[in-house]
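Top line first, the protein sequences correspond to chains X and F.
With full-length UniProt numbering, the residue at position 54 of the first sequence is 54, and numbering never jumps.
With full-length UniProt numbering, the residue at position 66 of the second sequence is 66, and numbering never jumps.
Note that CB positions come from ideal geometry on N, CA and C, so glycine has one too.
Here the structure is laid out as structure tokens; the discussion comes afterwards.
Number of protein chains: 2
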Amino acid sequence: MKKFEEKTISTEEIYKGRIINVQKDEVTLPNGKTASRELVKHPGAVAIIPVTKEGKIVMVEQYRKPLEQSIIEIPAGKLEPGEAPEKTAMRELEEETGYGANNFEKIYSFATSPGFADEIIHLYAATDLYQIEQPASPDEDEFVELLEVSIEEAERLVEEQQIYDAKTILAIMWAKNNLSK
Amino acid sequence: MKKFEEKTISTEEIYKGRIINVQKDEVTLPNGKTASRELVKHPGAVAIIPVTKEGKIVMVEQYRKPLEQSIIEIPAGKLEPGEAPEKTAMRELEEETGYGANNFEKIYSFATSPGFADEIIHLYAATDLYQIEQPASPDEDEFVELLEVSIEEAERLVEEQQIYDAKTILAIMWAKNNLSK
Numbered sequence: 001m002k003k004f005e006e007k008t009i010s011t012e013e014i015y016k017g018r019i020i021n022v023q024k025d026e027v028t029l030p031n032g033k034t035a036s037r038e039l040v041k042h043p044g045a046v047a048i049i050p051v052t053k054e055g056k057i058v059m060v061e062q063y064r065k066p067l068e069q070s071i072i073e074i075p076a077g078k079l080e081p082g083e084a085p086e087k088t089a090m091r092e093l094e095e096e097t098g099y100g101a102n103n104f105e106k107i108y109s110f111a112t113s114p115g116f117a118d119e120i121i122h123l124y125a126a127t128d129l130y131q132i133e134q135p136a137s138p139d140e141d142e143f144v145e146l147l148e149v150s151i152e153e154a155e156r157l158v159e160e161q162q163i164y165d166a167k168t169i170l171a172i173m174w175a176k177n178n179l180s181k
Numbered sequence: 001m002k003k004f005e006e007k008t009i010s011t012e013e014i015y016k017g018r019i020i021n022v023q024k025d026e027v028t029l030p031n032g033k034t035a036s037r038e039l040v041k042h043p044g045a046v047a048i049i050p051v052t053k054e055g056k057i058v059m060v061e062q063y064r065k066p067l068e069q070s071i072i073e074i075p076a077g078k079l080e081p082g083e084a085p086e087k088t089a090m091r092e093l094e095e096e097t098g099y100g101a102n103n104f105e106k107i108y109s110f111a112t113s114p115g116f117a118d119e120i121i122h123l124y125a126a127t128d129l130y131q132i133e134q135p136a137s138p139d140e141d142e143f144v145e146l147l148e149v150s151i152e153e154a155e156r157l158v159e160e161q162q163i164y165d166a167k168t169i170l171a172i173m174w175a176k177n178n179l180s181k
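Put into structure tokens, the structure is as follows:
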């Protein structure tokens, strides 16, 4: 929908990075005035809720430089140009956990920070998991530790803020409401 | 926690904006190699789940330039320097909806995009709402339209992707699980 549309007058490119680009747009507001908008461009990402036969969720602990701490998250990864999100989801699941899934189900797509970034995450549930014998490795500069946690354990980790990001909290709520033990 | 810590070697300032700053850090990885990390610095924000006496959630529709569309979200706003998050939450609720709340409850804090940004949202539930007679106005360049939606309507809006951001989907799940009609 285009209600209250802010039409772009001009765009200033500020930064072209490896993962994000940053630009500043001058826009016309609904009242005819002008304003500036700072925008972070991101390629988008997938996240996966991998559920084991025991009903546990496979998670990864990793260091998040922007937060200066390691947190526990569901597996996720950036979209590659031209790659279908479901393909990315399968690849990231294999690389980060060593699991494949016989069943992939799309749950939602959502924006993570609509005030300043265009990042969209496509969220999948991966069930009927199987161990891949020689899984593809994660990127060379990714250091992750695997955990398999029950929904009750996951809720405790949320309380303790070791799980500390929106997509993972959302995933746990979804799992609680939608998975039968 | 500091597992897999990435120690900063140097920081390059890329952009100092009105809302976000951008920097690029050179870091030492756990294996001793170096890598670069692009980081968006954000002041943090609050979001509020305002629940009316009828059990409806008050939401706002607004244009989100990064997405080039208007979406329906729970009320939210950036932290001002030195302002306690609960104070910000009360102020934003008044400015965006005209409501005050006799009851504010902190639910979670979470990172929105831990891969590239340090934004944290502090999420509150606001219940026992009352209409403020002469509420403070929103910022001059904010154009929002109010809606009061039931949880069922909200779930339909998620399906239709008119609700399309992580914090609002999370808020609806929380409301469904925690509010008695």
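- By the criterion of Cβ-Cβ separation under 7 angstroms, what are the contact partners of I169/X in chain F? Y108, F110 and L170
- Message: Using a Cβ-Cβ cutoff of less than 6 angstroms, which residues in the same chain neighbour Y15/X once the five nearest sequence positions on both sides are dropped?
- Response: V22
- Please specify which runs of the alpha helix (DSSP H), each continuous and at least 4 residues long, are wholly inside the UniProt domain "Nudix hydrolase" (40-171) of chain F, giving them in chain order. 85-97 and 151-159
- Item | E96/X burial status per 10 Å Cβ neighbour count (16 or more: buried) | buried
- Message: Under 9 angstroms, CB to CB, which of the residues in the segment 7-26 of chain X have a partner in chain F?
- Response: T8, I14, Y15, G17, R18, I19, I20, V22, K24 and D25
- Message: Please identify the residue among K78/F, Y108/F and Q162/F whose C-alpha is closest to the C-alpha of I71/F.
- Response: Q162/F
- Task: Kindly indicate which residue of K53/F, E119/F and M90/F has the alpha-carbon position closest to the one of P135/F.
- Result: M90/F
- Which residues of chain X have a Cβ atom closer than 7 angstroms to the Cβ of Y63/F, listed in chain order? K3, F4, E5 and E6
- Query: How many angstroms separate the CA atom of E86/X from the CA atom of G44/X?
  - Reply: 13 angstroms
- Item | N178/F (DSSP reduced to helix, strand or coil) | helix
- Close beta carbons around T34/X, own chain, < 7 angstroms, minus the five adjacent residues each side: I9, E26, V27 and T28
- Determine, using beta carbons only, whether L67/F and L170/X come nearer to each other than 8 angstroms. no
- For L93/F, which residues from the same chain have a beta carbon less than 8 angstroms from its beta carbon, with the 5 sequence-adjacent residues on both sides left out? I48, P50, P75, Y99, G100, A101 and A126
- Would a check of beta-carbon distances place I151/F closer than 8 angstroms to chain X? no
- Message: Taking 7 angstroms as the limit between beta carbons, can you name the residues of its chain near S113/F, skipping five residues before and five after?
- Response: E119
- What distance in whole Å lies between the Cβ atoms of Y164/X and K3/F, which are believed to be in contact at a cut-off of 8 angstroms? That belief does not hold up - the Cβ atoms of K3/F and Y164/X are roughly 14 angstroms apart, past 8 angstroms.
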